[in-house]
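> In the UniProt record's numbering, the protein residues as written are 5 to 207. Just so it is clear, CB atoms sit at the ideal spot from N, CA and C, and this is done for glycine as well.
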Amino acid sequence: RAFSVGLTGGIGCGKTTVADMFAALGASVIDTDAIAHALSAPHGAAMPALLAEFGDDFATPDGALDRAKMRALVFSDASARARLEAILHPRIRDATAAAAAIATGHYTIFVVPLLIESGTWRERVTRVLAIDCPEQVQVARVMARNSLSEAQVRAIMAAQVTREQRRAAADDIIVNDDGLEQLGPQVDALHARYLTLARARGK
Ligand code: ATP
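1) What are the residues that DSSP puts in a beta bridge with Phe133?
2) Can you tell me which residues form a DSSP beta bridge with Ser32?
3) Within its chain, find whatever has a CB closer than 8 Å to the CB of His47; leave out the 5 residues flanking it on each side and keep chain order.
4) Straight-line CA distance for Val141 to Ala163?
5) Rounded to whole angstroms, how far is the Cβ of Lys19 from the Cβ of Val115, which I believe are closer than 8 Å?
6) On the CB-based measure, 16 or more other CB atoms within 10 Å of its CB, does Pro138 come out buried or exposed?
7) Pull the bridge partners of Leu69 from the DSSP assignment, please.
8) Could you check whether the Cβ of Leu184 sits closer than 6 Å to any heavy atom belonging to the ligand ATP?
9) Which stretch, first to last residue, makes up the alpha helix (DSSP H) that contains Ile106?
10) With a cut-off of 8 Å on the beta carbons, I'd call Leu133 and Gly10 a contact; round off their distance for me.
11) In this structure, does DSSP put Asp192 in helix, strand or coil?
12) Comparing alpha-carbon positions, which option in Val33, Ile160, Ile120, Ile106 lies nearest Arg75?
13) In whole angstroms, what separates the C-alpha of Arg158 from that of Gly206?
14) Rounding to the nearest angstrom, what Cα-Cα distance links Phe62 and Ser83 in this structure?
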């Protein structure tokens, strides 16, 4: 199987920021959040199944998934969460595989926020890259970006593995606890490594 990297990290640690830098160097970046979003956008491929499962009142007027309503439901109802994931996860898997099959970059990076948490992703990628930062930095960045309270950000973080668990599960780590200028050298070094590994594998 082709060499690929699963890029993960806690909320606000900088996954998108780092993934964009790899893309600029010629990696193909496939963002599973963006794919999940497209599946439940107006006319998204998962919409018929989602509305059949949860009812037409989970659609917005333009025919997308009502995310706020779904978030509220699955927050308090584990079985609803399981039913949602049973619809979305196979479709995300198929759509990411289809995107990877036609990717033209030097190698593929899958951005998977809950890679460590979700289990099946680990076996689909050659290496796991974690974007690492202290919790206080996550809280500060997400409060600033999404105008959330500290308690709201901490509640999201509580549903994710800890920084230590993520670091332990990763093959490679990029530290993003300071300015953006800290990232370039780390990305360059890993990109060189990934190119070598991808070539050794015959892409
Ligand atoms: P999410 O899990 O919410 O999707 P993410 O892990 O993809 O987040 P980013 O969106 O890349 O994280 O970064 C979170 C916010 O912090 C963004 O507003 C981004 O511009 C900012 N940011 C990331 N890294 C740095 C940095 N080194 N210096 C300053 N700001 C940064």
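Reading from the atomic positions:
1) The question names Phe, yet the displayed sequence has Leu at residue 133. Its beta-bridge partners are Leu11, Asp176.
2) Thr112
3) So the qualifying residues of the chain are Gly67.
4) 17 Å
5) 6 Å
6) exposed
7) Ala63
8) Yes, the Cβ of Leu184 comes within 6 Å of a heavy atom of the ligand ATP.
9) Here Ile106 belongs to no alpha helix (DSSP H), and DSSP marks it neither H nor E.
10) 7 Å
11) helix
12) Ile160
13) C-alpha separation (whole angstroms): 43 Å.
14) 16 Å
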